[in-house]
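Working notes, structure below.
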Amino acid sequence: MQRWSIVIALSLGLGGLSLPASAQNPAARTAFDAGMAKKKAQDFAGAEADLQQAVKADPSYAQAWGELGNVRLKQSRAVPAIEAFQMALSKQPDLSVARYNLAFAYRQNKQFPEAANAYRAYLSKSPNDGDAYYGLAESLKAANRPVEAAEAFEGYARVEQRPEAQKWVQAALA
1 MQRWSIVIAL
11 SLGLGGLSLP
21 ASAQNPAART
31 AFDAGMAKKK
41 AQDFAGAEAD
51 LQQAVKADPS
61 YAQAWGELGN
71 VRLKQSRAVP
81 AIEAFQMALS
91 KQPDLSVARY
101 NLAFAYRQNK
111 QFPEAANAYR
121 AYLSKSPNDG
131 DAYYGLAESL
141 KAANRPVEAA
151 EAFEGYARVE
161 QRPEAQKWVQ
171 AALA
C-alpha cells in the first residue's frame, strides 16, 4: 500500500519544484544542470556522478544534495540516499521535499521509528499532506505502534481530498 508516496518521492524529487541552483559556484551549477539532464534521461548512475561533482564543488549546495538522494533512491540505494538527504537538511533545514524523501528513504530501509520521526517533522510544516500521513501510518504500523498508526490513518483520511484516492481513504479507515 505504498501508492502515492513512491510517485511523489521518486518522480518529482527536488527538480520538480524548480528550486534555485547554487549562485556562488559556477562549477557546481554546471555539474548540477548536467546531473539533472541525466536524471531526466533516466541515466541515474551518470546523474549521481554529476551531482557528486556538484556537492564536491559546493558542499553547501542543499538542492544538489537532495537530488543526489533522489537518484540514489531511484537506484534502490536507501542508505546513501538517507546520507544525502541528511546533508541537504543540514545545509537547508526548511527543504521540505528533502525532509519528505528522507522519511520515505528511512521507510524503504525498514527504519520505521526514524521514518515516523521524519514524517512527523515534515508534517509539522506541511500538515495537509495526505501522502505523508499515509507514510507515517504505515511506518508506525510496521514499528508495531498500532494506536499511533490508527491516529495517523485517521489524519490521512481527514486531509486526503483527491477523488482517485478515496478507495485508500476507506482502506485506511478500516
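Under this note's numbering, the sequence shown has 81 at position 81, and the numbering climbs by one with no breaks. We put the CB at the ideal spot given by N, CA and C, even for glycine.
- Cβ-Cβ distances below 7 Å link alanine 142 to Phe112 in the same chain, with the five nearest sequence neighbours on each side left out; the list follows chain order.
- Secondary structure of lysine 110 (DSSP, three-state): coil.
- Out of Ala64, Ala98 and Gly46, the CA that lies nearest to the CA of alanine 54 is found in Ala64.
- Not a single unbroken stretch of the beta strand (DSSP E) spanning 3 or more residues falls wholly within the region 25-91.
- In the structure shown, the three-state DSSP call for arginine 145 is coil.
- For alanine 172, the enclosing alpha helix (DSSP H) starts and ends at 166-173.
- Look at proline 93 here: in three-state DSSP terms it is coil, with no helix or strand label.
- In this structure, leucine 102 lies near alanine 118, with their beta-carbon atoms less than 8 Å apart.
- If you compare the alpha carbons of Val147, Ser76 and Arg120 with that of asparagine 109, the shortest gap goes to Ser76.
- In the displayed model, proline 163 falls within a helix according to three-state DSSP.
- Exclusion of the five residues before and after alanine 98 leaves Leu14, Ala62, Trp65, Gly66, Gly69, Phe85, Ala88, Leu89 and Gln92 as the residues of its chain whose Cβ lies within less than 8 Å of its Cβ.
- Between glutamate 160 and valine 169 a beta carbon distance of about 5 Å is seen, short of the 8 Å cut, so the two are scored as contacting.
- Residue environment analysis places aspartate 33 among the exposed positions, since fewer than 16 neighbouring C-beta atoms fall within 10 angstroms of its C-beta.
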